[in-house]
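**Student:** This is the structure, below, for whatever I ask next.
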């Protein structure tokens with residue numbers, strides 16, 4: 001089981017070969033299980049039973065900032081109960097969970113600082129000075145930077161998560177509110193909600209130079225902002241103009257608008273197919289991203305604000321500031337299945353669920369859950385019978401270890417059994433299994449140091465190399481100091 005722990009995969013070829021795969025720092029709640037992979041020199045069927053297995057010790061948690069009681073409620077999303085309350089600064093507003101789930105960052109609007117919560121102990125371990133009235137907050141996909149939007153000082157504080165020091169300050173527009181980071185970590189999007197302006201903007205910040213490289217006219221008083229998992233679109237909730245703007249991230253142009261009354265918080269589902277928007281009509285609007293139309297409206301509590309989706313995409317959590325609770329919605333039926341009490345005036349504007357990939361004012365974190373098994377392929381090929389029990393569609397990619405170039409790809413639908421034959425004449429390669437399809441912001445590469453053997457032998461050596469990249473392109477080796485542990 002790959003549940004935030006090291007595990008072994010075994011090959012049987014007369015001798016048993018074990019290869020240790022170390023824990024991926026981004027996988028905190030879910031994993032896979034490969035029961036057995038058997039390799040023979042002659043074409044034979046190999047059964048790979050792929051399952052997703054939740055870990056009870058690292059289940060997704062929701063961190064709800066309570067502005068009126070100056071604390072954070074921690075909700076276990078498995079049973080929807082509050083398991084802890086953490087005291088933070090004054091008037092907490094925005095919240096962001098680190099990609100590895102070990103830290104939660106809370107923007108305290110009243111005390112002008114950031115509380116750092118250790119999720120293992122649910123205690124504050126540090127307090128970082130920010131600008132004036134910090135609201136939105138987001139963590140970069142690699143977890144190395146925090147972006148804090150300061151509404152009263154009209155800027156964005158950039159914080160190094162290793163030192164917890166502010167390393168840069170970027171001037172934004174008037175009264176900045178929400179913030180989101182592109183999944184590749186290269187751009188930051190900040191909504192500027194200057195009250196009284198009918199054509200407010202979104203500032204686009206380059207994360208290398210920390211300069212504003214574009215300003216996009218969005219709509220009236222934009223609040224929440226979210227980026228799709230593939231990084232191609234930005235959704236902006238325009239409270240003042242009663243609509244949601246869709247920005248093309250390549251051209252920085254508005255491509256569509258969806259009419260919604262007084263939208264506030266916004267988030268994208270892990271598969272990128274749905275956008276969830278809270279609004280002052282005390283409900284949640286569901287947008288289909290294929291045609292940008294509202295397909296459902298769900299009644300929630302009073303004055304809904306923050307919204308986030310669980311990593312498996314099965315539940316949406318809506319924070320109701322007026323009724324001091326959180327509505328839990330089943331995404332299959334669009335029905336409220338639970339109501340969880342919170343503190344006084346909860347808001348939780350941002351990525352408040354651990355492992356979440358896109359939230360109202362937070363980044364789209366790495367959405368890549370994968371296993372790689374090094375399979376030496378003989379010239380006559382090997383048949384693989386792959387049984388998908390993950391709960392969603394997956395993509396299986398055979399990639400040459402020496403070049404990381406995909407040999408071929410196979411889509412396997414949920415609950416589908418499929419037999420495929422590996423390519424012939426290639427010995428040094430591995431299999432990458434990921435989901436959702438073709439969404440992956442990092443790669444783990446397992447390579448043989450003595451590639452070229454036509455069969456596995458005792459003592460067969462392996463090395464693990466890490467790369468940043470997206471869908472097999474632009475791969476850059478990760479320094480040892482930054483590689484997942």
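In UniProt numbering, the protein residues as written are 1 to 485. The beta-carbon is built from N, C-alpha and C at its ideal position, and this holds for glycine as well. Predicted model, so just to flag it, every value in this text is computed and none were measured.
1) Is residue 154 helix, strand or coil by DSSP?
2) How close, in whole Å, do the beta carbons of residue 272 and residue 312 come, if the pair is a contact with beta carbons under 8 Å?
3) For residue 515 versus residue 347, is the C-beta distance shorter than 8 Å?
4) In terms of alpha-carbon separation, which member of 305, 148, 236 lies closest to residue 227?
5) Skipping 5 residues on each side, what residues in its chain have a beta carbon closer than 8 Å to that of residue 176?
6) Enumerate in chain order the residues of its own chain whose CB-to-CB distance from residue 337 is below 6 Å, with the five nearest sequence positions on each side excluded.
7) Taking the continuous beta strand (DSSP E) assigned at residue 115, which residues delimit it?
8) In angstroms, rounded to a whole number, what distance separates the CA positions of residue 391 and residue 60?
9) Roughly how many angstroms lie between the CA atoms of residue 164 and residue 102, to the nearest whole one?
10) Is DSSP giving residue 200 helix, strand or coil here?
11) What first and last residue would you give for the beta strand (DSSP E) that runs through residue 349?
12) Is residue 344 buried or exposed, if buried means 16 or more other CB atoms sit within 10 Å of its CB?
13) Should residue 120 go down as buried or exposed, given a rule of 16 or more other Cβ atoms within 10 Å for buried?
14) Less than 8 Å separating the beta-carbons of residue 268 and residue 223?
15) Grouping DSSP H, G and I as helix and E and B as strand, with all else coil, what is residue 438?
16) Please state if the CB of residue 139 and the CB of residue 108 are separated by a distance shorter than 8 Å.
17) Start and end of the beta strand (DSSP E) containing residue 68?
18) Does the segment 272-286 come close enough to the segment 247-256 to have 3 or more Cβ pairs within less than 8 Å?
19) Just confirm the distance between the C-beta atoms of residue 301 and residue 95, as a whole number of angstroms; I'd bet it's less than 8 Å.
20) What are the complete beta strand (DSSP E) segments, minimum 3 residues, inside the segment 191-276?
21) How would you label residue 78, buried or exposed, when you count the other beta carbons within 10 angstroms and need 16 or more for buried?
22) Taking C-beta to C-beta, are residue 114 and residue 124 nearer than 8 Å?
23) For the beta strand (DSSP E) that contains residue 295, what are its first and last residues?
24) Among 83, 92, 80, 167, which one has its Cα closest to the Cα of residue 71?
25) Within the segment 121-185, note down every full beta strand (DSSP E) run reaching 3 residues or more, in order along the chain.
26) Could one say the Cβ of residue 193 lies closer than 8 Å to chain D's Cβ atoms, at least one of them?
27) Where does residue 94 fall in DSSP's three states?
28) Note down the Cα distance separating residue 112 from residue 129, rounded to an integer number of angstroms.
29) Per DSSP, which one or two residues make a beta bridge with residue 279?
30) Determine the burial state of residue 354: buried for a count of at least 16 other Cβ atoms within 10 Å of its Cβ, exposed for fewer.
31) On a CA-only basis, which of 211, 308, 180, 221 is nearest residue 233? Give me that one, please.
**Tutor:** Considering the structure as presented:
1) If you number the chain shown from 1, residue 154 lands on position 154. Look at residue 154 here: in three-state DSSP terms it is coil, with no helix or strand label.
2) Mapped onto the chain shown, residue 272 falls at position 272. Mapped onto the chain shown, residue 312 falls at position 312. About 14 Å; that fails the 8 Å criterion.
3) Residue coverage of the chain in this structure runs from 1 to 485, which leaves residue 515 outside it and unanswerable.
4) The residue given as residue 227 occupies position 227 in the chain shown. Selection 305, 148, 236 evaluated against residue 227 yields 236 as nearest (Cα-Cα).
5) Residue 176 sits at position 176 when you count from the first residue of the chain shown. Cβ-Cβ distances below 8 Å link residue 176 to 135, 136, 149, 150, 151, 154, 155, 156, 190, 191, 192, 193, 203 in the same chain, with the five nearest sequence neighbours on each side left out; the list follows chain order.
6) Position 337 of the chain shown, counting from 1, holds the residue named residue 337. 328, 330, listed in sequence order.
7) Taking the first residue of the chain shown as 1, we reach residue 115 at position 115. 113-118 is the extent of the beta strand (DSSP E) around residue 115.
8) Taking the first residue of the chain shown as 1, we reach residue 391 at position 391. Taking the first residue of the chain shown as 1, we reach residue 60 at position 60. Any reading at residue 391 is ruled out, since the residue's pLDDT is 49, under 50, leaving its predicted position unreliable.
9) As a first step, residue 164 is located in the chain shown; it is residue number 164 there, counting from the start. As a first step, residue 102 is located in the chain shown; it is residue number 102 there, counting from the start. CA-to-CA, the gap between residue 164 and residue 102 works out to about 15 Å.
10) For the purposes of this step, residue 200 is taken as residue 200 along the chain shown, with counting starting at 1. Residue 200: coil per DSSP, three-state reduction.
11) As a position in the chain shown, residue 349 is number 349, starting the count at 1. 349-351 is the extent of the beta strand (DSSP E) around residue 349.
12) Against the chain shown, residue 344 aligns to sequence position 344. Under a 10 Å Cβ-count criterion, residue 344 is classified as exposed, with fewer than 16 other Cβ atoms of the shown protein chains found around its own Cβ.
13) For this step, residue 120 is matched to residue 120 along the chain shown. Residue environment for residue 120: exposed (fewer than 16 other C-beta atoms within 10 angstroms of its C-beta).
14) In the chain shown, the residue the question calls residue 268 occupies position 268. In the chain shown, the residue the question calls residue 223 occupies position 223. Contact: no.
15) On the chain shown, residue 438 is found 438 positions in, with the first residue counted as 1. Per-residue confidence for residue 438 stands at a pLDDT of 37, beneath the threshold of 50, marking its modelled position as unreliable; the derived number appears in the next sentence. Of the three classes helix, strand and coil, the one that applies to residue 438 here is coil, per DSSP.
16) Along the chain shown, one-based indexing puts residue 108 at 108. Along the chain shown, one-based indexing puts residue 139 at 139. In this structure, residue 139 does not lie closer than 8 Å to residue 108 by Cβ.
17) The count along the chain shown starts at 1 and reaches residue 68 at position 68. Element bounds for residue 68: n/a, residue is neither H nor E.
18) No contact exists between the segment 272-286 and the segment 247-256.
19) On the chain shown, position 301 is the one that residue 301 refers to. On the chain shown, position 95 is the one that residue 95 refers to. Contact flag wrong, Cβ pair sits at about 18 Å.
20) Taken in chain order, the complete beta strand (DSSP E) segments of 3 residues or longer contained in the segment 191-276 are 201-206, 211-217, 222-227, 233-238, 243-248, 253-259, 263-268.
21) Residue 78 sits at position 78 when you count from the first residue of the chain shown. Per the 10 Å Cβ criterion, exposed.
22) Indexing the chain shown from 1 puts residue 114 at position 114. Indexing the chain shown from 1 puts residue 124 at position 124. Going by C-beta atoms, residue 114 is not nearer than 8 Å to residue 124.
23) Locating residue 295 in the chain shown gives position 295, counting from the first residue. Where residue 295 is concerned, the enclosing beta strand (DSSP E) starts and stops at 293-299.
24) Taking the chain shown and counting its residues from 1, one reaches residue 71 at position 71. The shortest Cα separation from residue 71 among 83, 92, 80, 167 belongs to 92.
25) Runs of the beta strand (DSSP E) lying entirely within the segment 121-185, each at least 3 residues long, are 123-129, 134-139, 145-150, 155-160, 165-171, 176-181 in chain order.
26) The structure shown contains no chain D, having only a single protein chain.
27) Along the chain shown, read from residue 1 onward, the residue named residue 94 stands at position 94. It is a strand residue.
28) To locate residue 112, count along the chain shown from 1; it is residue 112. To locate residue 129, count along the chain shown from 1; it is residue 129. Computed Cα separation, rounded: 6 Å.
29) To locate residue 279, count along the chain shown from 1; it is residue 279. Residue 279 is bridged to 263, 283.
30) Here residue 354 is taken as the residue at index 354 of the chain shown, counted from 1. Counting the other CB atoms within 10 Å of its CB gives residue 354 a total of 16 or more, which places it among the buried residues.
31) By 1-based counting over the chain shown, the position of residue 233 is 233. Of the candidates 211, 308, 180, 221, the residue whose Cα lies closest to the Cα of residue 233 is 180.
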